[in-house]
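Have a look at the structure below, then the notes.
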């Protein structure tokens, strides 16, 4: 004899056990087994009433009305044979509802449900990932090799980029997530994520998975008020913990550093952005210095390194619906934090001149620009933000191998005085 008993894990669920204490369990996709322990969590069933005719039709209409159709995240679109009707879902549902039950309308309602798919974010989308479990909602960036947490605060630390390779990269640290739950390390430890409809089946929710230990693991929230990130394999008792909503981020904050009465930073993004509270410049090489050209419309092209100059310590960029008109310049950049090579020049100040200088195998921060010239023998490249280029050609010679004093001796660190630079007498 087998008996049903109410589950403590799933609403309206039950498990089936016998007098010996065995409970039925779905062993795999095609067979049943039984357990003697843990059956309330692992062996729970939900009964679904079988409806027919008008009752089934009314139930399908109610399901369709509960689906948020649209083009955004957490919304659904029509696919397959009904893809051509996308955007007209509300009108279709209203028409079916007004016409009432018929075999043809029943088939139409079933088609709409079967051809409704949750919108998955496009590659290179900035996101906040919000858990539906507990009070601390948003996934928060962590230090390298550290488990991530969830927080109620919406700031830079809760912004992530889901890139074209399926990596989840923190906008705050530039570190790509690893093992589903942890921040990776610079130059490694990145997992490839999949974003898919929530395993819970809840409307408008997602699950995030990545390969770990030769298997698929799910990100989920755990601990007090859901404050800690963890990983698990698919199990019914964790369905709610595995479920998230996604918020697209269209404005990114940028911190600028003070120097000489202005504020500076570099920026690099895989998508077009429009800068506010600062001016963006692309750079071109002129002799041994970099000449800055203002991006007049403020729209920075994707995959283009720029220098930002502002009047305060804060700026921002927005993801616009606009086509950039600026040239790309000579700067490159990185989305994920990386270790620079000997030929990489990093944005900094040397000898009271702002520019790009050798980094000595340091770290390039995420979402920042750097310079990789064809000739890496020079010490650095100062930036001209508006001086006449003919004058700057003389003033900004920072290649020590071509600087000599009047006695013909090579000078590595020229101070003020008269020098021979590239065969010309120059007063520095």
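In this note's numbering, the protein residues as written are 828 to 1255.
Ideal Cβ positions, reconstructed from N, Cα and C, are used throughout, including at glycine.
Could you spell out the range, first to last residue, of the alpha helix (DSSP H) harbouring residue i?
i: residue 891; result: 880 to 893
i: residue 925; result: 916 to 926
i: residue 940; result: 930 to 941
In this structure, what does DSSP give as the bridge partners for residue i?
i: residue 1182; result: 1175 and 1209
i: residue 1190; result: 1166
i: residue 1010; result: 1004
i: residue 841; result: 833 and 872
i: residue 791; result: Any property of residue 791 remains undetermined from this structure, which presents the chain solely from 828 to 1255.
i: residue 904; result: 944
i: residue 1158; result: None; residue 1158 has no bridge partner.
i: residue 1024; result: 1033
i: residue 1080; result: 1143
i: residue 1137; result: 1090
i: residue 997; result: 987
Using 10 angstroms around the beta-carbon of residue i, count the other beta-carbons present and answer buried if the total reaches 16, otherwise exposed.
i: residue 1086; result: exposed
i: residue 989; result: buried
i: residue 1196; result: buried
i: residue 892; result: exposed
i: residue 904; result: buried
i: residue 845; result: exposed
i: residue 1128; result: buried
i: residue 884; result: buried
i: residue 882; result: exposed
i: residue 1203; result: exposed
i: residue 1156; result: buried
i: residue 1011; result: buried
Ends of the beta strand (DSSP E) at residue i?
i: residue 1124; result: Counting along the chain, residue 1124 falls outside any beta strand (DSSP E), and DSSP gives it neither H nor E.
i: residue 853; result: 850 to 853
i: residue 1048; result: 1042 to 1049
i: residue 952; result: 952 to 958
i: residue 977; result: 976 to 978
i: residue 1075; result: 1071 to 1075
i: residue 1055; result: 1055 to 1059
i: residue 860; result: 859 to 862
i: residue 813; result: Residue 813 falls outside the range modelled here, since the chain spans only 828 to 1255, and no answer is possible.
Please look up how many angstroms separate the CB atoms of residue i and residue j, rounded, as I've assumed it's under 8 Å.
i: residue 1100; j: residue 1145; result: 6 Å
i: residue 1009; j: residue 974; result: 5 Å
i: residue 1133; j: residue 1161; result: Contact flag wrong, Cβ pair sits at about 14 Å.
i: residue 942; j: residue 909; result: 4 Å
i: residue 851; j: residue 986; result: The pair is not a contact, with the Cβ atoms about 45 Å apart (cut-off 8 Å).
### Query
Given 8 Å as the limit, is there contact between the region 1110 to 1130 and the region 1065 to 1083, that is, 3 or more CB pairs closer than that?
No, the region 1110 to 1130 is not in contact with the region 1065 to 1083.
### Message
Across the region 1016 to 1031 and the region 1165 to 1178, are there enough close Cβ pairs to call them in contact, namely three or more that are closer than 8 Å?
### Response
no
### Message
Contact between the region 1037 to 1057 and the region 961 to 974 is defined here as three or more beta-carbon pairs at a separation below 8 Å; is this criterion met?
### Response
yes
### Task
Would you check if there are 3 or more beta carbon pairs closer than 8 Å linking the region 1134 to 1146 to the region 1161 to 1172?
With contact defined as three or more Cβ pairs closer than 8 Å, the region 1134 to 1146 and the region 1161 to 1172 are not in contact.
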